[in-house]
Structure formats: structure tokens, C-alpha cells
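Residue numbering for the sequence shown follows the working numbering, starting at 4 and increasing by one per position.
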Amino acid sequence: MSVTDDRSTATTVAASPIADPAPLGLGAFALTTFLLSAANAGWMTKASGLAFLGYALAYGGLAQLLAGMWEFRNRNVFGALAFSTYGGFWIGLALYFLFVGRALVTHPLTAGLYVHDVGWIVLAFAIFNTYMLVWSTQVNAAVFGVFLVLEATEIVLVIGFFTGTTGIIKAGGYLGVVTAVVAWYASAALLSRGMGGRLALPVGRPLIGPR
4 MSVTDDRSTA TTVAASPIAD PAPLGLGAFA LTTFLLSAAN AGWMTKASGL
54 AFLGYALAYG GLAQLLAGMW EFRNRNVFGA LAFSTYGGFW IGLALYFLFV
104 GRALVTHPLT AGLYVHDVGW IVLAFAIFNT YMLVWSTQVN AAVFGVFLVL
154 EATEIVLVIG FFTGTTGIIK AGGYLGVVTA VVAWYASAAL LSRGMGGRLA
204 LPVGRPLIGP R
């Protein structure tokens, strides 16, 4: 083998793709969504309801953001944008609560400001999620399912937070739990595809195929 061939081989190895980061990104999103949604649904009656906070920074935030960066390495623009944005969402939500929201909640006169702030935050991400939902039709059915249920969750939560209606916020919490379950399934299915072998879960075909 010549020197040229050696260089060609080395270049090929260096450019080989990394492992699929999507199972990590979806798993991080699912767990953090579950913790926050369980609180919104009123399930954490014997807990503070803040169990999501640390994981919004470390898992849903940092780990999902890293998954997005690795998707850039894989040249997967959809996964890169989705994981990076929602990683930033969880980090931003945690920082907002720690530095702003917590002080507002502790005073009855400003608690309403906190609720409306969260409503605006969720509304902004619902706008982002809308066009991601459209283009998720070209990924696979499992990922489309995540964005579809997430869209419904965000719409219901926006209504609940802007109107200050506890029942609607609880309904959004239940939808958020469903979103987490669908995301966990997508994570497990993509994990099974990455590992190979006989134990595999289907992800379904894209709703809209390539041209």
C-alpha cells in the first residue's frame, strides 16, 4: 500500500460518524419532561414539585445540548436543532426559576407574574415546535409522535398559564406525561436500532418521504 493509500485510509477513519446521539437526547428530554409534567398534573402531593430543577440543568439541559452538538457532527440538521434548542429550553427554564421565578412565587402579589412569564416562555417554544412538527414528518413516525403530543402539551399549557386556570395546567401536565412516554419509546427504539441484534423496536416510516 502506498503512502497515498495510507493517508486516504486515515482520512476515512477520522471522518467516520459517531454513535447516534438521538437516544440520549430523547431520553434526556423525556425524563425532565416527566418530572415537570408530574408536578403540573398534581401528582407530587408529598414532594416539593421541584424535582425537575437539577435535571433541567444536568440531563434535559446539558446532556440534551451535547446530543445536539453531536448531531451537528453527524450532519443531522433536524436533530441538531431540536436537541440544542430544547436543551437550551431546560437550562433557561431552570435559570429563570432560580434567579427570577422563585422570588416571584414566594409573594402573593407577584405570583401571577410568574405564571404569565412561564406562559410566554411556553408560547415561544410552541411557535418553534410548530415548524419542527411539520418537518418531523420527514424523519419517522416515532419522532413525529413526540413533536405532535408536545405541540398539544404546549398549546394547553399556554392557555392554562395565561388564564391562570389550574385545571387546564393539570391537563397540560397529563399531556406532558404522555409526551415523555412517547419520547422514551422513541429513545428506546433508536437505541435498539443502534445496537442491532434481534431485540428491535419499530420507529415507523416518515409520513412524507424524500422527493
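Glycine included, C-beta positions come from ideal geometry on N, C-alpha and C.
Burial state of residue 4, where buried means 16 or more other Cβ atoms lie within 10 Å: Low local confidence applies: a pLDDT of 42 at residue 4 is under 50, so the model's placement there is unreliable, and no value is given.
Local conformation of residue 171 per DSSP, three classes: helix
Residue 120 (DSSP reduced to helix, strand or coil): helix
Inter-residue spacing [alpha-carbon to alpha-carbon] between residue 204 and residue 189: 9 Å
Option in 24, 48, 140 with minimal Cα separation from residue 211: 140
Any 3 or more C-beta pairs closer than 8 Å across the region 22-31 and the region 66-78: yes
As assigned by DSSP and simplified to three states, the class of residue 166: helix
Outcome for residue 73 when other beta-carbon atoms lying within 10 angstroms are tallied against a minimum of 16: buried
Beta-carbon proximity of residue 206 to residue 186, cut-off 8 Å: no
Residue 190 in three-state terms, based on DSSP: helix
Own chain residues within Cβ distance below 7 Å of residue 175, not counting five before or after: 43, 156, 159, 160, 163
Residue range of the unbroken alpha helix (DSSP H) whose run includes residue 200: Note, residue 200: premise wrong, no alpha helix (DSSP H); not H, not E.
Neighbour flag for residue 86 against chain C, beta carbons, 8 Å: Here there is only one protein chain, and chain C is not present.
Residue 197 vs residue 22 beta-carbon contact at 8 Å: yes
Segments of 4+ residues assigned as alpha helix (DSSP H) that fall wholly inside the region 89-118: 105-108
Cβ-based burial, residue 117 [other Cβ within 10 Å; buried from 16]: buried
Distance between residue 24 and residue 209 (C-alpha atoms, nearest Å): 19 Å
C-beta atoms of residue 97 and residue 56 nearer than 8 Å: yes
Sequence-distant residues of the same chain with beta carbon closer than 7 Å to residue 9, five excluded per side: With a pLDDT of 42 at residue 9, under the threshold of 50, the modelled position of this residue cannot be trusted, and the question is left open.
Assigned secondary structure, residue 145 (DSSP; H/G/I helix, E/B strand, else coil): helix
Whole-angstrom distance between residue 109 and residue 152, CA atom to CA atom: 32 Å
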